[in-house]
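Asker: Before we start, here is the structure in question, set down as structure tokens.
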Amino acid sequence: MTAVDTAGPGTAVSHRLVPLIGREARRLARHPVLWLVLAVVIVTSALDGASGGRTAGYWYGTIFVAVAFFAPMLVLFAANLVASGARRGRAEEMLSVTPTTDTRRAWAMSLGVALPLAATGAVAAGAMAVIDSVNDIPPEDLQTAGELAQLPFVLAGAGLLGVLAARWLPFAGGVVIMFVAATLGGVVLFGRFDSGIWWMWWSTERTLEGRAPVPGEPWLHAAYLAGLCACATVAAVYRDRTQWPRLALVGAPVLAATLVLGRLQLP
Numbered sequence: 001m002t003a004v005d006t007a008g009p010g011t012a013v014s015h016r017l018v019p020l021i022g023r024e025a026r027r028l029a030r031h032p033v034l035w036l037v038l039a040v041v042i043v044t045s046a047l048d049g050a051s052g053g054r055t056a057g058y059w060y061g062t063i064f065v066a067v068a069f070f071a072p073m074l075v076l077f078a079a080n081l082v083a084s085g086a087r088r089g090r091a092e093e094m095l096s097v098t099p100t101t102d103t104r105r106a107w108a109m110s111l112g113v114a115l116p117l118a119a120t121g122a123v124a125a126g127a128m129a130v131i132d133s134v135n136d137i138p139p140e141d142l143q144t145a146g147e148l149a150q151l152p153f154v155l156a157g158a159g160l161l162g163v164l165a166a167r168w169l170p171f172a173g174g175v176v177i178m179f180v181a182a183t184l185g186g187v188v189l190f191g192r193f194d195s196g197i198w199w200m201w202w203s204t205e206r207t208l209e210g211r212a213p214v215p216g217e218p219w220l221h222a223a224y225l226a227g228l229c230a231c232a233t234v235a236a237v238y239r240d241r242t243q244w245p246r247l248a249l250v251g252a253p254v255l256a257a258t259l260v261l262g263r264l265q266l267p
């Protein structure tokens, strides 16, 4: 009896899924739009006068701004272009006759996008922690562990939103509609809370530039962002009409748990 014979169905599925995840991760990593993040950061840093000098605090803040502000917008479009590549290349009919199901390809796409982005966010958070351990950062600029924990989910969430747009809005300009809808929806929703618009994707307990802290708690907000990532993944994977019963069965509890995590942060 061979190893293949003894392997369970779960092991066989994972063996087929892992190479697909790796392929999608490589496609995302090679996409030129993604590398615009590095170009934007380099140009911005070069043009920035940095009145206080390029100290450890300066680079600490630069990493945070790059991951929390510049990167999500570009990651959204890069992930969408990767996820919609087969459709734009008119290769969907070719994929439909391969042994891999559409659901499995969607899982591979979602995980191939989310996992490396989350790892990048974790590395950035770790780099900020190392900078703080080597050079003391001013207390007003220092991020707590709960605030740093949100960074992986901010990046992964942006990528998953791009995949979601590619799956549910499969036409030119779909990702722009998703971006505008998500931004305006967030502005309207979080605009009901004092000073909430600016930090709607990231929660802090500190006063920033004279603004009062947004209602919320950083660790709870990190869990809330993880829930949003799970919601986007489930919605992207079970896009096909035949999968809608599973979408409701799996997605409803995930959505309910995410809404509870969000509600716990409100006064």
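Residue numbering for the sequence shown follows the numbering used here, beginning at 1 and increasing consecutively.
All residues carry an ideal CB built from backbone N, CA and C; glycine is no exception.
1) I need the straight-line Cα distance from G146 to A39, nearest angstrom please.
2) So, is R54 buried or exposed, given that buried needs 16 or more other C-beta atoms within 10 angstroms?
3) Does DSSP put L220 in a helix, in a strand, or in coil?
4) From G162 to R26, what distance separates their C-alpha atoms?
5) I'd like the span of the alpha helix (DSSP H) that includes P170, first residue to last.
6) Skipping 5 residues on each side, what residues in its chain have a beta carbon closer than 6 Å to that of A166?
7) Would you say W219 lies against chain B (beta-carbon separation less than 8 Å)?
8) Could you have a look at W201 and say whether DSSP puts it in helix, strand or coil?
9) What first and last residue would you give for the alpha helix (DSSP H) that runs through A66?
10) Excluding the 5 residues flanking D102 on each side, which residues of the same chain have their C-beta closer than 7 Å to its C-beta?
11) To the nearest angstrom, how far is it from the Cα of L76 to the Cα of V130?
12) With DSSP collapsed to three states, give me the class of I137.
13) What does a CB cutoff of less than 7 Å around R274 pick up in its chain, not counting 5 residues either side in sequence?
14) In the DSSP assignment, find the alpha helix (DSSP H) that holds A248 and state where it starts and stops.
15) Considering Cα atoms alone, identify which of L249, I21 and A226 is closest to V274.
16) How close, in whole Å, do the beta carbons of A124 and I63 come, if the pair is a contact with beta carbons under 8 Å?
17) Take L117 as the anchor and find which of A68, T144 and H221 has the nearest alpha-carbon.
Answerer: Reading from the atomic positions:
1) Position 146 of the sequence shown holds residue 146. Position 39 of the sequence shown holds residue 39. Just so you know, the alpha carbons of G146 and A39 end up roughly 28 Å apart.
2) As a position in the sequence shown, residue 54 is number 54, starting the count at 1. When all chains shown are included, R54 counts as exposed.
3) For the purposes of this step, residue 220 is taken as the residue at position 220 of the sequence shown. Helix, per DSSP.
4) As a first step, residue 162 must be located in the sequence shown, where it is residue number 162. As a first step, residue 26 must be located in the sequence shown, where it is residue number 26. Approximately 16 Å, taken between the alpha carbons.
5) For the purposes of this step, residue 170 is taken as the residue at position 170 of the sequence shown. Element bounds for P170: n/a, residue is neither H nor E.
6) Mapped onto the sequence shown, residue 166 falls at position 166. Around A166: N80, A83 and S84.
7) As a matter of chain content, chain B is missing from the structure shown, which is built from one protein chain.
8) Looking up residue 201 in the sequence shown gives position 201. Annotated three-state conformation of W201 is coil, per DSSP.
9) By 1-based counting over the sequence shown, the position of residue 66 is 66. A66 -> no alpha helix (DSSP H), and no H or E assigned at all.
10) The residue given as residue 102 occupies position 102 in the sequence shown. Excluding positions up to five away in sequence, the list reads D240.
11) As a position in the sequence shown, residue 76 is number 76, starting the count at 1. As a position in the sequence shown, residue 130 is number 130, starting the count at 1. L76 and V130: Cα-Cα distance of roughly 28 Å.
12) Taking the first residue of the sequence shown as 1, we reach residue 137 at position 137. Of the three classes helix, strand and coil, the one that applies to I137 here is coil, per DSSP.
13) Given a span of 1 to 267 for the chain in the structure shown, any question on residue 274 remains unanswerable.
14) Taking the sequence shown and counting its residues from 1, the one referred to as residue 248 is at position 248. First-last of the alpha helix (DSSP H) with A248: W244 to R263.
15) Because the chain spans 1 through 267 in this model, residue 274 falls outside it and cannot be assessed.
16) For this step, residue 124 is matched to residue 124 along the sequence shown. For this step, residue 63 is matched to residue 63 along the sequence shown. With a Cβ gap of about 5 Å, A124 and I63 count as contacting.
17) Along the sequence shown, read from residue 1 onward, the residue named residue 117 stands at position 117. Ranking A68, T144 and H221 by Cα distance to L117 puts A68 first.
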